[in-house]
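Visitor: Once you've had a glance at the structure underneath, I'll fire off some questions.
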Amino acid sequence: MTELRTLKVALLGCGNVGAQVARILIEDADTLAARTGAKLELSGIAVRNVHTKRDVDLPQELLTTDADTLVKDADLVIELMGGIEPARTLILSALRNGACVVTGNKALLAQDGPILHEEADKAGVQLSYEAAVAGAIPILRPIRDSLAGDRITRVLGIVNGTTNFILDQMDTTGAQFADALAEAQRLGYAEADPTADVEGHDAAAKAAILASLSFHTRFALENVHCEGISSVTAADIAAAKDAGFVIKLLAIAEKLPAAGTDTGTEADGGDGVSVRVHPTLLPREHPLAAVHGAFNAVFIEAENAGELMFYGQGAGGTPTASAVLGDLVSAARSLVLGGPGRTETTTGHVPALPIDAAVTSYYIGLDVADQPGVLARIAQLFAEHGVSIEIMRQTIHRDAESNVESAELRIVTHRASEAALAATVEAVKGLDVINSVTSVLRVEGV
Ligand code: NAP
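When we follow my numbering, the leftmost residue of the sequence shown carries the number 1, and every step to the right adds one.
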């Protein structure tokens with residue numbers, strides 16, 4: 001039998017994910033060698049402090065604080081430190097040295113993806129990052145490779161487990177946002193500072209990556225409209241539930257046709273792509289409505305494949321390590337067989353559209369005076385702004401003390417532009433029969 005070639009693997013970071021990657025690289029060395037056609041030798045693990053107690057027992061001599069030297073001598077570099085620096089400099093240095101790089105760093109990719117890809121292309125090596133979006137779920141490779149012969153029209157993703165856990169708690173128990181967040185923190189699903197999750201920043205970085213691969217155009221974080229879930233109330237959830245909907249934080253990337261046409265153009269992305277993250281109402285029978293707890297899922301619509309759904313664990317050391325090792329084996333095979341293989345294509349050249357151009361359905365809650373003719377006035381005002389109403393439901397309340405009656409009106413519109421909806425809501429606020437606009441939320445999947 002011929003001796004297998006040895007490829008040196010440098011691991012940067014030994015935290016939640018890195019420690020599990022190191023464990024699997026050591027425990028499953030024979031299996032990985034058989035799958036790859038080369039021995040994957042873990043040459044070192046860069047950390048901040050070599051004396052920190054780790055989740056797994058690892059040979060102490062592998063740990064080092066000298067990441068620069070480790071990278072210089074590696075065929076494959078796995079970056080699992082997180083953050084922008086020194087991860088960015090180390091990845092660039094690895095690529096310039098001709099090493100393939102695997103990373104799970106969505107924040108860095110959303111900020112500096114184009115520069116990293118440029119260096120990988122120049123060096124003719126692979127840069128892969130399956131773990132950066134939806135943890136263990138194989139989603140980037142299916143978009144990039146399996147759907148390379150199709151045209152994706154829309155991607156809807158539950159890509160942040162923390163916010164899905166919080167919204168699911170609110171939906172199933174009736175809890176307020178603050179209580180559901182406290183429960184998520186108690187169970188370890190949310191960090192002490194939950195801002196990046198609850199304000200949608202983490203999901204926005206993943207939306208930029210999903211949109212870039214789906215529409216063959218590089219989208220950056222600044223192209224993503226981002227709204228979090230901290231203003232979603234128990235009343236919003238209850239009203240949505242009552243109307244047959246569930247509220248999810250969705251990362252959405254969709255091709256929008258030329259204004260006034262139904263189909264758009266022949267370009268990969270149509271006339272433009274709307275990339276956004278916001279709380280969204282989904283019909284309870286939509287496949288994404290069944291994604292509970294901290295799970296993730298991505299729902300894709302493509303011209304020829306139709307509807308596809310990918311579901312699984314979006315975080316956690318071992319599940320995420322699975323995605324990292326898949327990328328590592330693929331990159332190692334490219335070194336064994338020669339040639340980098342294509343990492344992504346950017347021939348779409350479609351513009352990112354501003355949020356005003358987004359087209360979706362809306363749920364609007366109104367507190368109105370209980371008087372004859374109110375419904376007709378509101379319906380007319382919607383019609384005047386070109387927003388057509390799909391469902392209008394009224395519930396009457398009587399204040400026990402004042403004995404005054406008021407009505408709660410719930411409206412679901414047909415698809416309309418964000419600009420038309422905003423103008424309609426402003427006009428509705430001006431009506432003397434409106435006490436308040438209690439909620440305005442976007443709806444998908446109807
Ligand atoms: P983590 O637990 O915070 O671990 C980070 C590791 O990097 C630690 O071992 C740390 O060393 C090391 N490190 C940080 N800064 C360093 C520096 N300047 N020099 C040398 N070493 C440094 O992070 P994680 O949860 O494993 O996440 C790693 C990456 O995977 C992130 O980009 C994250 O977004 C991504 N990701 C994570 C998950 C998940 O479920 N956790 C899921 C998907 C993607 P010390 O141990 O000595 O402090």
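In this text, a Cβ means the ideal position worked out from N, Cα and C, and glycines have one as well. Since the structure is predicted, the reported quantities are computational estimates derived from the model, not experimental observations.
Regarding residue 164 and the ligand NAP, is the C-beta to nearest heavy atom distance less than 8 angstroms?
Guide: No, the beta carbon of residue 164 sits no closer than 8 angstroms to any heavy atom of the ligand NAP.
Visitor: Which same chain residues end up closer than 8 angstroms to residue 129 when comparing Cβ atoms and leaving out the 5 residues on each side of it in sequence?
Guide: Once the five neighbours on either side are set aside, the close Cβ partners of residue 129 are 102, 103, 104, 105, 106, 109, 140, 209 and 327.
Visitor: Since residue 153 and residue 302 should fall inside the 8 angstroms C-beta cutoff, what is the C-beta to C-beta distance between them, to a whole number of angstroms?
Guide: Indeed they touch by this definition, with Cβ atoms about 6 angstroms apart.
Visitor: How is residue 141 classed by DSSP in three states: helix, strand or coil?
Guide: Helix at residue 141.
Visitor: Using DSSP with H/G/I as helix, E/B as strand and the rest coil, what is residue 201?
Guide: If DSSP states are grouped into helix, strand and coil, residue 201 belongs with the helices.
Visitor: Below 9 angstroms between beta carbons: does that hold for residue 214 and residue 166?
Guide: Result no, Cβ atoms of residue 214 and residue 166 do not sit closer than 9 angstroms.
Visitor: So does residue 505 have its beta carbon nearer than 8 angstroms to some heavy atom of the ligand NAP?
Guide: The structure shown does not extend to residue 505, since the chain spans only 1 to 446, so no value can be given for it.
Visitor: Suppose only complete runs of 4+ residues qualify. What are the alpha helix (DSSP H) ranges in the stretch 271-359, listed by chain order?
Guide: If we require 4 residues or more, the alpha helix (DSSP H) runs fully inside the stretch 271-359 come out as 317-337.
Visitor: Where in the stretch 81-132 do unbroken runs of the beta strand (DSSP E), each at least 3 residues long, occur, reported from the N-terminal end onward?
Guide: Correct list: 100-103.
Visitor: Return the Cβ separation of residue 366 and residue 277 in integer angstroms, given the expectation that the two are a contact with Cβ distance under 8 angstroms.
Guide: So it is not a contact: roughly 26 angstroms between Cβ atoms.
Visitor: If you draw a straight line from the C-alpha of residue 135 to the C-alpha of residue 344, how long is it?
Guide: Going from the Cα of residue 135 to the Cα of residue 344 covers about 19 angstroms.
Visitor: Is the beta carbon of residue 116 less than 9 angstroms from the beta carbon of residue 76?
Guide: Cβ atoms of residue 116 and residue 76: not closer than 9 angstroms.
Visitor: Thinking residue 329 and residue 35 are a contact (beta carbons under 8 angstroms), I'd like their distance in whole angstroms, please.
Guide: Correct: roughly 5 angstroms between the Cβ atoms.
Visitor: From what residue to what residue does the beta strand (DSSP E) around residue 79 run?
Guide: From DSSP, the beta strand (DSSP E) with residue 79 extends over 76-79.
Visitor: According to the Cβ coordinates, are residue 336 and residue 271 closer than 9 angstroms?
Guide: Taking 9 angstroms as the Cβ cut-off, residue 336 and residue 271 do not qualify as a contacting pair.
Visitor: Taking DSSP as the reference, what is the three-state secondary structure of residue 221?
Guide: Helix.
Visitor: In the structure shown, what three-state DSSP assignment does residue 261 receive?
Guide: Its pLDDT being 45, under 50, residue 261 is placed unreliably by the model, and the measurement read from it follows with that caveat. It is coil, neither helix nor strand.
Visitor: Using a threshold of 8 angstroms, is the CB atom of residue 80 nearer than that to any non-hydrogen atom of the ligand NAP?
Guide: Yes, Cβ of residue 80 sits closer than 8 angstroms to a heavy atom of the ligand NAP.
Visitor: If you follow the beta strand (DSSP E) that residue 246 is part of, which residue opens it and which one closes it?
Guide: Its beta strand (DSSP E) spans residues 245-256.
Visitor: Let's test the definition: count the other Cβ atoms within 10 Å of the Cβ of residue 441 and tell me whether it reaches 16, buried, or not, exposed.
Guide: Classification of residue 441: buried, given that the 10 Å Cβ count is 16 or more.
Visitor: Determine the closest residue to residue 289 out of 248, 185, 324 and 275, with distance taken between C-alpha atoms.
Guide: The residue with the shortest Cα to Cα distance from residue 289 is 248.
Visitor: Using a Cβ-Cβ cutoff of less than 6 angstroms, which residues in the same chain neighbour residue 363 once the five nearest sequence positions on both sides are dropped?
Guide: Result list for residue 363: 281, 412, 441 and 443, in chain order.
Visitor: Counting only beta-carbon atoms, is residue 219 nearer than 9 angstroms to chain D?
Guide: Structure shown: chain D not included; a single protein chain is present.
Visitor: Helix, strand or coil for residue 435? Go by DSSP, reduced to three states.
Guide: DSSP places residue 435 in strand when its eight states are reduced to three.
Visitor: Suppose the cutoff is 8 angstroms on Cβ atoms and the five residues either side in sequence are ignored; what does the same chain contact list for residue 451 look like?
Guide: Here the chain covers residues 1 to 446 and nothing more, so residue 451 does not appear.
Visitor: By how many angstroms is the C-alpha of residue 298 removed from the C-alpha of residue 28?
Guide: The straight-line gap from Cα to Cα measures roughly 30 angstroms.
Visitor: Ends of the beta strand (DSSP E) at residue 38?
Guide: Segment 38-46, the beta strand (DSSP E) holding residue 38.
Visitor: Can you look up residue 2 in the DSSP assignment and give me helix, strand or coil?
Guide: Coil.
Visitor: Please report the straight-line C-alpha distance between residue 87 and residue 12, rounded to a whole angstrom.
Guide: Between residue 87 and residue 12, the C-alpha separation is close to 8 angstroms.
Visitor: Could you name the residues of the same chain whose beta carbon sits closer than 7 angstroms to that of residue 223, not counting the 5 residues immediately before and after it, in chain order?
Guide: Taken in chain order, the residues that qualify are 208, 275 and 352.
Visitor: How big is the Cα-Cα spacing for residue 17 and residue 80?
Guide: When rounded, the distance between both Cα atoms is 7 angstroms.
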